[in-house]
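*Asks:* If you count by this note's numbering, then the sequence shown holds residues 238 to 328, one letter each, in order.
Each residue gets a CB set at the ideal place from its N, CA and C atoms; glycine is no exception.
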Amino acid sequence: MGAALLDLEDPRRLISRLPHWILAPHEWYEVTGDVPNVVFACGAVERGDEIHLYYGAADTYICLAYAKTADLLDALLAHKVNSRIPAGVSY
238 MGAALLDLED
248 PRRLISRLPH
258 WILAPHEWYE
268 VTGDVPNVVF
278 ACGAVERGDE
288 IHLYYGAADT
298 YICLAYAKTA
308 DLLDALLAHK
318 VNSRIPAGVS
328 Y
């Protein structure tokens, strides 16, 4: 799972995108299950100074990952892209 920062006024404008994954299947509950080696976002909430990401693991479990909001934003802003995403294109 990756991370990207989009413009609030024009979400087609990509501000930055991390060149590496922020979450990948590694733990036993992420690599063993109905659909092994899969993690997928279910939702995210900001709690205090952290972002909590609820995610599915191997289509069997619901998990929680979290990071400091400032750390994630610092990492994103260090990898600025600043381009517009053409209509019909997804990442």
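1) If we ignore side chains and look at the alpha-carbon of each, how far apart do LYS305 and LEU314 end up?
2) Three Cβ pairs or more, each shorter than 8 angstroms: is that satisfied between the region 240-253 and the region 274-283?
3) Suppose the cutoff is 6 angstroms on Cβ atoms and the five residues either side in sequence are ignored; what does the same chain contact list for TYR298 look like?
4) Could you tell me which residues DSSP pairs with GLU287 in its beta bridges?
5) Could you tell me the distance, in whole angstroms, from the CA atom of VAL268 to the CA atom of ALA261?
6) What do you get for ALA281, buried or exposed, if any count of 16 or more other CB atoms within 10 angstroms of its CB means buried?
*Replies:* The short version:
1) 14 angstroms
2) no
3) TYR266
4) ARG284 and LYS305
5) 10 angstroms
6) exposed
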